[in-house]
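Novice: One structure, pasted below without further comment.
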Amino acid sequence: MEMLKIPSLCQQYIKLISNLIEFFPDKLIGIPPGLFGNLMASLEYGMGHDITDVNILSFQAIAPLALWAYTQELQQGKFWDHVATMCIRMDFGQKSDEFSALSPIPAPIDFLKPSLEKFLHLNLELLLFKDFDPRLLDAASASLFPLIYCCRSSYLTAVNQIIQQQPVDIQDRLISAFRNLDTVTPSHLSEPSIVRHSQVFSEALLGLLREVRGVIRVK
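If you count the sequence shown from 1, position 58 lands on 58 in full-length UniProt numbering, and the numbers rise without skipping.
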């Protein structure tokens, strides 16, 4: 972590992590826990760095990581639905050769959840409560969108906590603002719809920030 204190080395290292995640996300599964922890800690460090370019690189690495995790969850659902359907057919005496044609079981992503949830909370904290360079908004939005889908329960809990921490007289305003954001983050999103919804989400998030950043505060 010491080398991350040197701006030029920090940017190069975060960029290397970003490329690894973007092009070889499945390789994360085989990385030793200690090294994996260092990679995630580096991204967390980059999110809070005082150089905007490092912030952007970190968010740009987190976005494909969260998106890959979400698509793996979707594929796991499809895989086991397919298995269940074939088992039902076999129970009714229907022979099936479909087991041999099954795609490989999608990668488990439980090992990623703690890091993704941490990134989600840091992202929300930055966007809602901290001063940041406007150039960071696009990258932060692009990462928050898939993080919400990967960590839906944690996201809803975090939003409820944020609302409850604010004065009663502005809570309805916050509830309304987050509900508007919810309309562009349906509970289930198919893979082909992700890119299209990401742009819509970015616009809705900007509207939410304009509505609430000036009135909320940390307690």
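Heads up, the beta-carbon is just placed ideally off N, CA and C, and yes, glycines get one too.
#1: For the alpha helix (DSSP H) containing Gly46, name the first residue and the last one.
#2: Identify which residue in Gln60, Leu28, Lys27 has its Cα closest to the Cα of Gln11.
#3: Do Asp133 and Thr52 have their beta-carbon atoms positioned less than 8 angstroms apart in this structure?
#4: For a test of the three-state rule: what should DSSP assign to Arg173, helix, strand or coil?
#5: If Ala177 and Glu211 are in contact, beta carbons under 8 angstroms, what's the gap, nearest whole angstrom?
#6: Evaluate Ala142 with the Cβ neighbour count: other Cβ atoms within 10 Å of its Cβ, from every protein chain shown; 16 or more gives buried, anything less gives exposed.
#7: So Ile56 and Ala139 are in contact, right, with Cβ under 8 angstroms, and what is the actual spacing, rounded?
#8: For Asn123, tell me which candidate among Leu9, Asp110, Tyr45 has the shortest Cα-Cα distance.
#9: Can you give me the C-alpha to C-alpha distance between Ile31 and Asn19, rounded to a whole angstrom?
Specialist: The short version:
#1: 33 to 47
#2: Gln60
#3: yes
#4: helix
#5: 5 angstroms
#6: buried
#7: 5 angstroms
#8: Tyr45
#9: 15 angstroms
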